[in-house]
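Presented below is the structure to which this report refers.
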Amino acid sequence: MLKYDVAVVGGGLAGLTAANFLAREGKKVVVLEKSNRLGGRGMTNDKNGVLMNLGAHALYLSGDAMTILTELGLSIPGGNASKSVQIYGILNNAVQIIPTDFSSIMSSSLLSWKSKFVLGKLMLKLMKLNIDSIPEVSLAEWANTEISDPMVRHIFYAICRLTTYTHASTLQLAKPVLRQVQRSLKDGVLYVDGGWGTIVEKLRQQAIASGVEVFTSKNVISIEHQENDQIIQCSNGTNFEVTECIVAAPPKEALKIIKGAEQTSLRLWNEQAIPVTASCIDLGLKKLPNPQHQFAIGLDQSLFFTNQSRAAKLSDDGTVVVSLAKYHDPLEDINVYTDKQQLESVMDMLHPGWRKEVVVQQFLPKLTVSYDFPHLKRKENPGPSIPEMKGLYIAGDWAGHEEVLADAAVASGKRAAQEILKASEMILVKEG
Numbered sequence: 001m002l003k004y005d006v007a008v009v010g011g012g013l014a015g016l017t018a019a020n021f022l023a024r025e026g027k028k029v030v031v032l033e034k035s036n037r038l039g040g041r042g043m044t045n046d047k048n049g050v051l052m053n054l055g056a057h058a059l060y061l062s063g064d065a066m067t068i069l070t071e072l073g074l075s076i077p078g079g080n081a082s083k084s085v086q087i088y089g090i091l092n093n094a095v096q097i098i099p100t101d102f103s104s105i106m107s108s109s110l111l112s113w114k115s116k117f118v119l120g121k122l123m124l125k126l127m128k129l130n131i132d133s134i135p136e137v138s139l140a141e142w143a144n145t146e147i148s149d150p151m152v153r154h155i156f157y158a159i160c161r162l163t164t165y166t167h168a169s170t171l172q173l174a175k176p177v178l179r180q181v182q183r184s185l186k187d188g189v190l191y192v193d194g195g196w197g198t199i200v201e202k203l204r205q206q207a208i209a210s211g212v213e214v215f216t217s218k219n220v221i222s223i224e225h226q227e228n229d230q231i232i233q234c235s236n237g238t239n240f241e242v243t244e245c246i247v248a249a250p251p252k253e254a255l256k257i258i259k260g261a262e263q264t265s266l267r268l269w270n271e272q273a274i275p276v277t278a279s280c281i282d283l284g285l286k287k288l289p290n291p292q293h294q295f296a297i298g299l300d301q302s303l304f305f306t307n308q309s310r311a312a313k314l315s316d317d318g319t320v321v322v323s324l325a326k327y328h329d330p331l332e333d334i335n336v337y338t339d340k341q342q343l344e345s346v347m348d349m350l351h352p353g354w355r356k357e358v359v360v361q362q363f364l365p366k367l368t369v370s371y372d373f374p375h376l377k378r379k380e381n382p383g384p385s386i387p388e389m390k391g392l393y394i395a396g397d398w399a400g401h402e403e404v405l406a407d408a409a410v411a412s413g414k415r416a417a418q419e420i421l422k423a424s425e426m427i428l429v430k431e432g
C-alpha cells in the first residue's frame, strides 16, 4: 500500500492546479490520471506538426484561470485574440459586419440608426456594469428587461454564447455570464502558443519540480472513505492510502468510484448538473481562402468560427489552424450529422474553396464543453469538500461557484487545495 498525504484523482487543469498548491505547502501529493495523457479536455493533439486543441479554446486574460496560473508563477505564451479583429455575424445565411466600435457601428448595415444607438449604449453599460449588483435571474430575464431592441438582443446573446460556450439563456444565471462578457470586452482573451497542452505541460513540470508524483494510465476504480483516511484502488491492483483525496473527475464518475457517495451531497450535485456539449470541427489549412474572415459568430444560429493562428503559434510550417463549433441547447435533441453539415456550410460561406486547402482535420461530434454551469436549477454550489466524508473533496469545471469553463476548473482546484491546507492548519493549532 502506497502512502501519501493527498491523492488527486484526475490530471486535468483542476487536478494539476490543486496538486501544485498542495505541494508548495509541503504536502506529499500523488496525481492519478486514467488516460495515458494528462490534460483531460485541455490536451492538445499533434497532427503531423499541426497542434489542435479539442475545439477552440481561449484563456480570459482577466479571468480566474489566468490569475491563478500567474499566482503559481506560470507564464503562458500566446497572443491576444481580441486585438484588431473584425467580428462578422451570420444572419439569414449571409455574412454581415458586427459593429463593435464607434466606426463600425456607424458603417454597419446590420442595424438601423436607432439600433446602432441602443447597441452603443449597451456596450458602454456592459463595460461599466457592477456585476455584484446583478440579481439571481436568468440571462434571458435580464436581457428582456435591459435590451428592448430585438436585433441588439440577438447580438448580445451571440456574445454570451461565445464567452461561455453555452446556449441556454433561460437557464444560465445572468451574473456569471455578464462577468465573462465584461472580461472579454475589457481585456480580451489569449490564444495559447502550442495549444492548451502548453498550460498542461507547465503545470505538470512545476508539480514534479515541487515533489508531486504523477502517474498516467492509473484507472481508479474505488475510493473507500474511512474515519481518518481514504483507501484508493486502481484497476491494475495498485492501492493508495491517503489522508485526503481530491476527485477531479466528472460528477457521475465521482459518484461511481466513491463508495457510499449516494448518501452524500455528491448525489445532489450530480443530479443538478446540466452538461454543456458542442459539435466541433478543427481544420489545418495551407492558407485561409478569405483572410478578411478571421472571426464570425451566428446571430440566428448557435455557432462560431475562429482562426486561432491569427494570435497563436500552432504549427511550424505556417499551417493555419481554424475551429468551428455549434453549441447545443441542453433542452433540445442533438443531431451531430446535421451539425457537421451546418458547420461545413458556414465554412463554405466564409471561406469558399476551403476543402482543397485542408492539410489535417478533426471532427468532435459531441464534445463535453463543461459538466455543469451556474444555472437556475442548482440548489447549491458543489464542493469543495464532501461534508459527509471527512477528507474527500471534488474539483472540476462542474464545481465552479460563479466561475465558468476553465476558470471554474482552475478555481475549483485551488479551492479544494486551500480547504485541505486550512483543515491541516486547524489540526496543528488544536494539537499545539
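According to the UniProt record's numbering, the sequence shown holds residues 1 to 432 in order.
Backbone N, C-alpha and C fix where the C-beta goes; we use that ideal spot for every residue, glycine too.
Keep in mind that this is a model prediction, so the values were computed, not measured.
For residue i: DSSP bridge partner residues
i	result
residue 295	306
residue 276	370
residue 44	53
residue 80	190
residue 7	30, 245
residue 400	BP columns for residue 400 are empty, so no partner.
residue 172	375
residue 138	173
residue 362	282
residue 393	246, 385
residue 213	30
residue 60	189
residue 2	240
Cβ distance (whole Å) where residue i is taken to contact residue j below 8 Å
i	j	result
residue 365	residue 336	4 Å
residue 347	residue 93	Incorrect: roughly 13 Å between the Cβ atoms, too far for contact.
residue 39	residue 197	6 Å
residue 149	residue 115	5 Å
residue 308	residue 56	6 Å
residue 395	residue 207	Actually they do not touch by this definition, with Cβ atoms about 15 Å apart.
residue 9	residue 32	5 Å
residue 212	residue 95	Not confirmed; about 48 Å, so no contact.
residue 169	residue 139	4 Å
residue 12	residue 199	Going by Cβ atoms, the distance from residue 12 to residue 199 rounds to 11 Å, so no, they are not a contact pair.
residue 386	residue 306	Actually they do not touch by this definition, with Cβ atoms about 38 Å apart.
residue 384	residue 416	4 Å
residue 24	residue 210	5 Å
residue 47	residue 318	The Cβ separation is near 15 Å, so there is no contact.
Neighbourhood of residue i by C-beta distance below 6 Å, restricted to the same chain and skipping five residues each side
i	result
residue 261	255
residue 441	Nothing can be reported for residue 441, as the shown portion of the chain is limited to 1 through 432.
residue 339	279, 326
residue 142	174
residue 202	74
residue 398	251, 273, 371, 372
residue 61	187, 188, 190
residue 14	248, 395, 396, 409, 412, 413
residue 44	51, 53, 195, 196, 197
residue 100	87
residue 282	52, 323, 362
residue 320	285, 288, 309
Cutoff 8 Å; reference residue i; Cβ partners in own chain excluding five residues on either side
i	result
residue 302	161, 167, 326, 327, 328, 329
residue 259	222, 223, 224, 225
residue 352	289, 290
residue 131	175, 178, 179, 182
residue 316	49
residue 267	255, 261
residue 159	181, 184, 297
residue 152	111, 115, 118, 119, 122
residue 134	142, 174, 175, 178
residue 377	171, 272, 274
residue 127	182, 185, 186
Beta-carbon contacts of residue i that lie in its chain and below 7 Å, excluding the five residues immediately before and after
i	result
residue 367	54, 55, 277, 278, 280
residue 231	224, 239, 241
residue 381	401
Please specify which runs of the alpha helix (DSSP H), each continuous and at least 4 residues long, are wholly inside the segment 298 to 360, giving them in chain order.
336 to 350
Beta strand (DSSP E) runs contained entirely in the segment 216 to 266, provided each spans 3 or more residues:
220 to 225, 230 to 234, 239 to 247
Would you check if there are 3 or more beta carbon pairs closer than 8 Å linking the segment 206 to 219 to the segment 80 to 92?
no
For the segment 381 to 396 and the segment 353 to 361, state whether three or more C-beta atom pairs, one from each stretch, are separated by less than 8 Å.
no
With a cut-off of 8 Å, do at least 3 Cβ pairs link the segment 47 to 65 to the segment 406 to 423?
yes
Could you tell me which uninterrupted beta strand (DSSP E) segments, each at least 3 residues in length, are contained entirely in the segment 81 to 130, listed from first to last along the chain?
88 to 91, 94 to 97
Could you tell me whether the segment 290 to 302 touches the segment 236 to 253, using the rule of 3 or more Cβ pairs below 8 Å?
no
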